[in-house]
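Student: So for the sequence shown, this note's numbering puts the first residue at 17; every next one is plus one.
Every residue, glycine too, gets a C-beta built ideally from N, C-alpha and C.
None of these values were measured; they are calculated from a predicted model.
I'd like to ask you about the structure that follows.
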Amino acid sequence: MFSKDKLEYRQLPLPDRQDLSDAEMLRKAEDYRDFMATRHTVRDYTTQAVDRAVIDACVAAAGTAPSGANHQPWHFVAIQDPAIKKQIRDAAEEEERKFYAGGASDEWIKALEPIGTNADKPHLEDAPWLIVVFAQRYGTFDDGTRYKNYYVPESVGIATGMLLTALHMAGLATLTHTPNPMKFLGDLLDRPDSEKATMIITVGHPAKDATIPAVAKIKKPLDEILTVR
């Protein structure tokens, strides 16, 4: 992406400017708040197909996220192949069984009880798409030499949030899954050593009998998450 001889600073006029009244700003903000309140983490999926063009558009939206030094230290692997999805499920469930059999502390297991999770992950095969998010520790110039990426966890976290939002706007359900450790994903998906898997996102349509944990509807009130000075 980067060339050593093209790293100079150059300004452009702001290309996309909004000029909204106070009332319009509030309406848009409240509409977005209410829409995002309808996003739920789903564990039960149909096998209904989702067109790749939808996935492409959502990942492209995530790629517009801000990042440290604009290095965009992320890579997304979208998986539709049933054989690869099965391999991911098998490897993820193996790690999850270790987790629930003593790899995690009693406190951690207790914290997960209201969510109702266990080592079985059928959604990793049922859903039409998996998207694995990778963080890039470093990049390379066009001549092959390395450069350091900055604020990688923060940048990738922002891009992942934007991806989840885009998928929700497209009418799709998602589940974020972080098996620990996740090194098997880099090996399985032939990613370079410079990248580290951070998350698996299950993407698809919720099953007709899909449920969510009741506790998932309990969100902290605004006065607990916002301080105004």
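Measure how close the beta-carbons of V168 and I216 come, nearest whole angstrom, since I'm counting them as under 8 Å.
Tutor: Contact doesn't hold; Cβ gap of about 18 Å is too wide.
Student: Taking its Cβ as the centre, do 16 or more other Cβ atoms sit within 10 Å of A232, making it buried, or is it exposed?
Tutor: exposed
Student: Please return the same chain residues whose Cβ sits closer than 7 Å to the Cβ of D72, not counting the five positions on each side in sequence.
Tutor: none
Student: In terms of residues, what are the limits of the beta strand (DSSP E) holding I234?
Tutor: Note, I234: premise wrong, no beta strand (DSSP E); not H, not E.
Student: Just to confirm, does R55 get its C-beta within under 7 Å of one of the non-hydrogen atoms of the ligand ADP?
Tutor: With respect to small molecules bound, the structure shown includes none, and the ligand ADP cannot be examined in it.
Student: Which same chain residues, not among the five before or five after T80, have their C-beta less than 8 Å away from its C-beta?
Tutor: M178
Student: Helix, strand or coil, according to DSSP, for M198 in the structure here?
Tutor: coil
Student: The beta strand (DSSP E) that contains E129, what's its start and end?
Tutor: Run containing E129: none; DSSP gives neither H nor E here.
Student: Out of P222, R162, S83, which has the shortest C-alpha to C-alpha gap to H184?
Tutor: P222
Student: In the DSSP assignment, what are the bridge partners of G220?
Tutor: A189
Student: Quick check: the segment 80–95 against the segment 204–220, are there 3 or more CB pairs under 8 Å?
Tutor: Inter-segment contact for the segment 80–95 and the segment 204–220 is present: three or more beta-carbon pairs are separated by less than 8 Å.
Student: Using beta-carbon positions only, say whether F150 and T214 come within less than 8 Å of one another.
Tutor: yes
Student: From what residue to what residue does the beta strand (DSSP E) around K101 run?
Tutor: K101 -> not in any beta strand (DSSP E); alpha helix (DSSP H) instead, spanning 98–114.
Student: So, at 6 Å on beta carbons, what are the nonlocal neighbours of T156 in its own chain, with the 5 sequence-adjacent residues on each side left out?
Tutor: R162
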